[in-house]
Amino acid sequence: MNTTFPHDPADISAHEDWFAAYAQRQYARCPGDVSPLRLKRDHTFGVLAHARTIVAEDIDDPLTARACLLAALYHDVARFEQYLRYDTFRDKDSRNHGLWGSAILRHAGCLDGESPAIRRLVRAAVALHNRYALPARLPAEAARVTQVVRDADKLDILRVMDEHLSGPRPYCPTVVLGLPDDPGRVSDIVLADALAGRVAAYADLTSVNDFRVLLGTWLHDMHFSCSRRLFAASAHAVRLIAGLPSSGPYAAARACLLARLEAVRTDRPTC
Numbered sequence: 001m002n003t004t005f006p007h008d009p010a011d012i013s014a015h016e017d018w019f020a021a022y023a024q025r026q027y028a029r030c031p032g033d034v035s036p037l038r039l040k041r042d043h044t045f046g047v048l049a050h051a052r053t054i055v056a057e058d059i060d061d062p063l064t065a066r067a068c069l070l071a072a073l074y075h076d077v078a079r080f081e082q083y084l085r086y087d088t089f090r091d092k093d094s095r096n097h098g099l100w101g102s103a104i105l106r107h108a109g110c111l112d113g114e115s116p117a118i119r120r121l122v123r124a125a126v127a128l129h130n131r132y133a134l135p136a137r138l139p140a141e142a143a144r145v146t147q148v149v150r151d152a153d154k155l156d157i158l159r160v161m162d163e164h165l166s167g168p169r170p171y172c173p174t175v176v177l178g179l180p181d182d183p184g185r186v187s188d189i190v191l192a193d194a195l196a197g198r199v200a201a202y203a204d205l206t207s208v209n210d211f212r213v214l215l216g217t218w219l220h221d222m223h224f225s226c227s228r229r230l231f232a233a234s235a236h237a238v239r240l241i242a243g244l245p246s247s248g249p250y251a252a253a254r255a256c257l258l259a260r261l262e263a264v265r266t267d268r269p270t271c
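Going by the UniProt record's numbering, the sequence shown wraps up at 271, each residue one higher than the last.
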């Protein structure tokens, strides 16, 4: 694919066409329910839309901006193969989809028309976007591109999860990572993270309600003022957190997370 740097660095339409065709080929390979793959395709373009918003406000350099958009488009490219081979989106039950995606990009040739610098930035961001924390010595430009992708990814995951958890039960196991919808299963670690203003970890989740809490803690992992504002203003975030039980072990975390969203919206301190 010839994608010589265009007059408009934000024009990645040739890459969008490549990705859409790639997704269609993966649908054709699926012997069963293709809806999880369609969800990932739609999620990808949702992430790209959020990345465009962040880039427009917070990224000045054209090369970095282009790398951000390409990394957002390709961040989940391995999810299709992951689902087709393993019937799951859970990395610990299959493979690390970030590292796998970076390898797919290297072999697919879809970045061959880009400069070496952009190729390196995109592959690094795809490889690292799903890490719990970024490496301490990651070069500043690579970190910035990865942070845009991480923020945009989280913002659209709010939409995906809200639409799913607001729908009829039972929840699709693939979407909720196989977690049980059991109000009696509570992770004290996840609740402690929420109350302390820390980002909760997937490894500590024991239930769908824990997942709701984890999503709320992502406010503390937004790297740009634009991202924080979008997160706090998101009706999806509010509904996900408000869906937690208002009494019992989740009550304090629910109240604190909702208060933090309101604090960012109104620019005042909270718990």
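Heads up, the beta-carbon is just placed ideally off N, CA and C, and yes, glycines get one too.
Report yes if the CB atom of residue i is closer than 8 Å to the CB atom of residue j, and no otherwise.
i           : j           : result
residue 197 : residue 220 : yes
residue 182 : residue 166 : no
residue 50  : residue 155 : yes
residue 178 : residue 90  : yes
residue 158 : residue 247 : no
Over what stretch of residues does the alpha helix (DSSP H) that includes residue i continue unbroken?
i           : result
residue 80  : 79-86
residue 40  : 35-58
residue 226 : 225-233
residue 205 : Neither: residue 205 is in no alpha helix (DSSP H) and is coded neither H nor E.
Should residue i be labelled buried (16 or more other beta-carbon atoms within 10 Å of its own) or exposed?
i           : result
residue 2   : Confidence at residue 2 is low in this model, with a pLDDT of 47, below 50, so the placement of that residue should be treated as unreliable; the coordinate-derived value is given next. Burial call: exposed.
residue 38  : exposed
residue 172 : exposed
residue 162 : buried
residue 250 : buried
residue 107 : exposed
I think residue i touches residue j, with their Cβ atoms under 8 Å apart; what is that distance to the nearest whole Å?
i           : j           : result
residue 253 : residue 191 : 5 Å
residue 119 : residue 111 : 5 Å
residue 256 : residue 201 : So it is not a contact: roughly 18 Å between Cβ atoms.
residue 67  : residue 121 : 4 Å
Report all residues from its chain with a CB closer than 8 Å to the CB of residue i; omit the five preceding and five following residues, and keep chain order.
i           : result
residue 146 : 71, 124, 125, 128, 129, 134, 138
I'd like the list of long-range same chain contacts for residue i, defined as Cβ closer than 6 Å, with 5 residues on each side in sequence excluded.
i           : result
residue 258 : 241
residue 77  : 101, 104
residue 222 : 151, 228, 231
residue 47  : 72, 152, 153, 156
residue 55  : 65, 68
residue 148 : 51, 54, 68
Looking only at its chain, what residues have a beta carbon closer than 7 Å to the beta carbon of residue i, apart from the 5 residues adjacent to it on each side?
i           : result
residue 189 : 204
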